[in-house]
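S.K.: Would you mind keeping the following structure in view while I ask a few things?
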Amino acid sequence: MSNAGQSPDITPQLLLRAYSIGMFPMSESADDPNMFWVDPDERGVFPLDGLIVSKSLAKVVRSDRFVVKVDNDFEAVVEGCASSARGRGDTWINASIRKLYGELFHMGFVHTVETWTPEGELVGGLYGVAIGAAFFGESMFHRATDASKVALVHLVGRLRAGGFVLLDTQFVTPHLASLGAQEVPRDAYLAALDAAISREADFYSWPKEPPVPGEVALRAVLADR
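Quick note on numbering: the sequence shown equals residues 156 to 380 in my numbering.
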């Protein structure tokens, strides 16, 4: 991994430019006010036609156990992603990152996919940045079994429906690998990135309301298989 140095004065415009050339910011910890650019030698991606959906997960998605919303509560999703939980390391989401991505959310470049209980409790979700036909996944969390996986299925279905061609996941963890994430060399990633950001896509090809049924999301994910 290459590290391009600390950058305490990142603006939303600079952040978008960084994503467009293959870089993204991180912080050492939630309490560290500094950020640094990261440019991995191997980049994690989800092939949009290769998400692994087990039979049990497909059953949960079809059941609509969770109400899946988009762009409904950015602050709550980031708080969920930043909160420590069993099995997760210390968060890298500091106050500056929250502010930056919050600004990009209001500018329309950041999106959330959220899983809620029918009673109105947020139990999982994810957020990321959309530029052209590329979506850069930033972080995800869950407080209920399968809640983040259901959000991911809905995200991939929405991206496929909207004409996206690249889903970036930065790094590949064992958990993400079990769902189909792969590592690609930087040069191959940059070529795919250039092609993706030069294309148009529509995150709202499925409207924000009403919530998309799980069967519809699953059908989009598994199309052509």
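From the three backbone atoms N, C-alpha and C, an ideal C-beta is built for every residue, glycine too.
Pairing CB atoms from the region 228-239 with CB atoms from the region 290-300, are three or more of them under 8 Å?
M.R.: Because the criterion of three Cβ pairs below 8 Å is met, the region 228-239 and the region 290-300 touch.
S.K.: Ile176: which of Ile165, Ala346 and Val376 sits nearest, CA to CA?
M.R.: Looking up residue 176 in the sequence shown gives position 21. Of the listed residues, the one whose Cα sits closest to Ile176 is Ala346.
S.K.: Quick one, which of Tyr256, Glu183 and Phe201 has its alpha-carbon nearest Gly165's?
M.R.: Counted from its first residue, the sequence shown places residue 165 at position 10. Per the sequence shown, residue 165 should be read as Ile rather than Gly. Selected option, being the one with the closest Cα: Tyr256.
S.K.: For Val371, does the three-state DSSP call read helix, strand or coil?
M.R.: The residue labelled residue 371 in the question sits at position 216 within the sequence shown. Val371: helix per DSSP, three-state reduction.
S.K.: Strictly by DSSP, which residues pair up with Pro340?
M.R.: By 1-based counting over the sequence shown, the position of residue 340 is 185. Pro340 pairs with Glu197.
S.K.: Beta-carbon separation of Met178 and Asp194 under 8 Å?
M.R.: Position 23 of the sequence shown, counting from 1, holds the residue named residue 178. Position 39 of the sequence shown, counting from 1, holds the residue named residue 194. Yes, the Cβ-Cβ distance between Met178 and Asp194 is below 8 Å.
S.K.: Do Phe201 and Thr270 count as a contact pair if the criterion is CB distance below 8 Å?
M.R.: Along the sequence shown, one-based indexing puts residue 270 at 115. Along the sequence shown, one-based indexing puts residue 201 at 46. Cβ atoms of Thr270 and Phe201: not closer than 8 Å.
S.K.: Which residue marks the beginning of the alpha helix (DSSP H) containing Lys304, and which one marks its end?
M.R.: Translated into positions along the sequence shown, residue 304 becomes position 149. Where Lys304 is concerned, the enclosing alpha helix (DSSP H) stretches over Ala302 to Ala316.
S.K.: Taking Ala289 as the reference, give the member of Tyr344, Pro273, Val215 and Glu274 with the closest Cα.
M.R.: Position 134 of the sequence shown, counted from the first residue, corresponds to residue 289. The shortest Cα separation from Ala289 among Tyr344, Pro273, Val215 and Glu274 belongs to Tyr344.
S.K.: Looking at the structure shown, is Leu171 part of a helix, part of a strand, or coil, going by DSSP?
M.R.: Here residue 171 refers to the residue found at position 16 when the sequence shown is read from its first residue. Leu171 falls in the helix class under three-state DSSP.
S.K.: Going by C-alpha distance, which of Arg354, Leu334 and Gly317 is nearest Gly199?
M.R.: Taking the first residue of the sequence shown as 1, we reach residue 199 at position 44. Gly199 has its Cα closest to that of Leu334, out of Arg354, Leu334 and Gly317.
S.K.: Assuming the contact rule is C-beta atoms closer than 8 Å, Leu307 and Leu170 should be a hit. Round their C-beta distance to whole Å, please.
M.R.: As a working note, residue 307 is residue 152 in the sequence shown. As a working note, residue 170 is residue 15 in the sequence shown. With 8 Å as the limit, Leu307 and Leu170 do not qualify as a contact, their Cβ atoms being about 23 Å apart.
S.K.: Alpha carbon to alpha carbon, how far is Val215 from Asp301? Give it in angstroms, no decimals.
M.R.: The residue given as residue 301 occupies position 146 in the sequence shown. The residue given as residue 215 occupies position 60 in the sequence shown. Looking at the two C-alpha atoms, the distance is approximately 8 Å.
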